[in-house]
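Protein chains in written order, with the numbering used here: chain A, 1 to 140; chain B, 1001 to 1140.
Don't be surprised by glycine CBs; every beta carbon is placed ideally from N, CA and C.
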């Protein structure tokens, strides 16, 4: 007997981060044309590389995507998404970060917006990201 | 140049679940003698098997450990732990479950307790689990 596709799938870990500014606004980035789910807004972050911890992954991705530097001690676990996409299962821990060095800038031509969490509900986001919003509204 | 041990480690995913009864109490189980961290109290759950989603893992573990049955739709993401242990990095998504079939019973000779979340602070728990408690106190 083999397991059905609804039970088993390779689990992909994507670390994501809600950068929070001094006004309590959160940064979202728009996925550029040509990528899967282009045009949707998401939290910065990316896929864990081999044997990379979520924190190290985020520090790397925040540097690559936004030109900022932060530390493990500035990344606080908030919540996570667990979502079945076609062919894989996404596990996405969401961290909160309030402290970083350098100014946030778009290094990959992605559009950026700072929004109060309650305004995220109106934003087109990937399906997996939507359940994260109430946690940001509640905790920030 | 090789990466130092503080940067990279195999990531182990352990799915955990806060079972919540009608009084708002949460189930914790004591790790039996002979296991690592014996005597400490933790949330039910366990390590993901190959290509197993966190939800399927929990459904399996809750059956094996406690003799109960539940469904993916009854497992709600709450928060997660990310903790460096010796030789591996633990990523532990914590779900909340309020609905299951059968009565909870200890199937592996582990001691069980139902506690209001605020009483978890006084309980000896693995280091990784402690940051989860404020989320349970706040959300339940």
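Inset, instruction - Identify whether residue 123 of chain A lies in helix, strand or coil by the three-state DSSP scheme. - result: Residue 123 of chain A: coil per DSSP, three-state reduction.
Legend entry - Delimiting residues of the beta strand (DSSP E) encompassing residue 12 of chain A: Looking at the DSSP string, the run of the beta strand (DSSP E) that includes residue 12 of chain A is 11-19.
Inset, instruction - Answer with yes or no whether the minimum CB distance from residue 1117 of chain B to chain A is below 8 Å. - result: Between residue 1117 of chain B and chain A, the shortest Cβ-Cβ separation is not below 8 Å.
Inset, instruction - With a threshold of 7 Å, establish whether the CB of residue 15 of chain A neighbours any heavy atom of the ligand GDP. - result: For the ligand GDP, the structure offers nothing, since it holds no ligand at all.
Legend entry - Contiguous alpha helix (DSSP H) assignments of at least 4 residues, all confined to the region 26-77 of chain A: Unbroken alpha helix (DSSP H) runs of no fewer than 4 residues, entirely contained in the region 26-77 of chain A, are found at 54-66, following chain order.
Legend entry - Same chain, Cβ closer than 7 Å to residue 1076 of chain B, neighbours up to 5 away in sequence not counted: So the list reads 1095 and 1096, once near-sequence residues are dropped.
Inset, instruction - Could you name the residues of chain B that residue 10 of chain A contacts, counting a contact when the two beta carbons are closer than 8 Å? - result: By Cβ distance, chain B contributes 1051.
Legend entry - Cβ-based neighbour list, residue 1137 of chain B, same chain, cut-off 7 Å, excluding 5 preceding and 5 following: Shown here for residue 1137 of chain B: same chain residues with a beta carbon closer than 7 Å to its own, the five before and five after excluded, namely 1117 and 1118 in chain order.
Inset, instruction - With DSSP collapsed to three states, give me the class of residue 1100 of chain B. - result: In the displayed model, residue 1100 of chain B falls within coil according to three-state DSSP, outside both helix and strand.
Legend entry - Beta-carbon separation (whole angstroms), residue 19 of chain A vs residue 11 of chain A, contact threshold 8 Å: Actually they do not touch by this definition, with Cβ atoms about 26 Å apart.
Legend entry - residue 1140 of chain B, enclosing beta strand (DSSP E) - first and last residue: Per DSSP, residue 1140 of chain B lies in no beta strand (DSSP E) and is assigned neither H nor E.
Legend entry - residue 87 of chain A burial status per 10 Å Cβ neighbour count (16 or more: buried): By the neighbour-count rule (16 or more Cβ atoms within 10 Å), residue 87 of chain A is not buried but exposed.
Inset, instruction - Report yes if the CB atom of residue 105 of chain A is closer than 8 Å to the CB atom of residue 67 of chain A, and no otherwise. - result: Against a cut-off of 8 Å, the Cβ pair of residue 67 of chain A and residue 105 of chain A comes out as a contact.
Legend entry - Short-range partners of chain B found in the region 78-110 of chain A, where Cβ spacing is below 8 Å: Of all residues in the region 78-110 of chain A, only 78, 79, 80, 81, 82, 84, 89, 91 and 93 come within less than 8 Å of chain B when Cβ atoms are compared, listed by chain position.
Inset, instruction - Return the residue from the list B/1110, B/1045, B/1112 and B/1065 that minimises the CA-CA distance to residue 1091 of chain B. - result: When C-alpha distances from residue 1091 of chain B are compared across B/1110, B/1045, B/1112 and B/1065, the shortest belongs to B/1045.
Legend entry - Cross-strand partners of residue 1091 of chain B (DSSP beta bridge): DSSP, once it has assigned bridges, lists B/1013 and B/1082 as partnering residue 1091 of chain B.
Inset, instruction - Compute the Euclidean distance between the alpha carbons of residue 93 of chain A and residue 42 of chain A, then round it to the nearest angstrom. - result: Each residue's Cα considered, the two are about 13 Å apart.
Inset, instruction - Using a cut-off of 8 Å between C-beta atoms, extract the partners of residue 55 of chain A located in chain B. - result: Chain B residues near residue 55 of chain A: 1082.
Legend entry - 6 Å CB neighbourhood of residue 1009 of chain B in its chain, flanking five on each side removed: A distance below 6 Å between beta-carbons, with the five flanking residues on each side excluded, links residue 1009 of chain B to the following residues of its chain, in chain order: 1088 and 1089.
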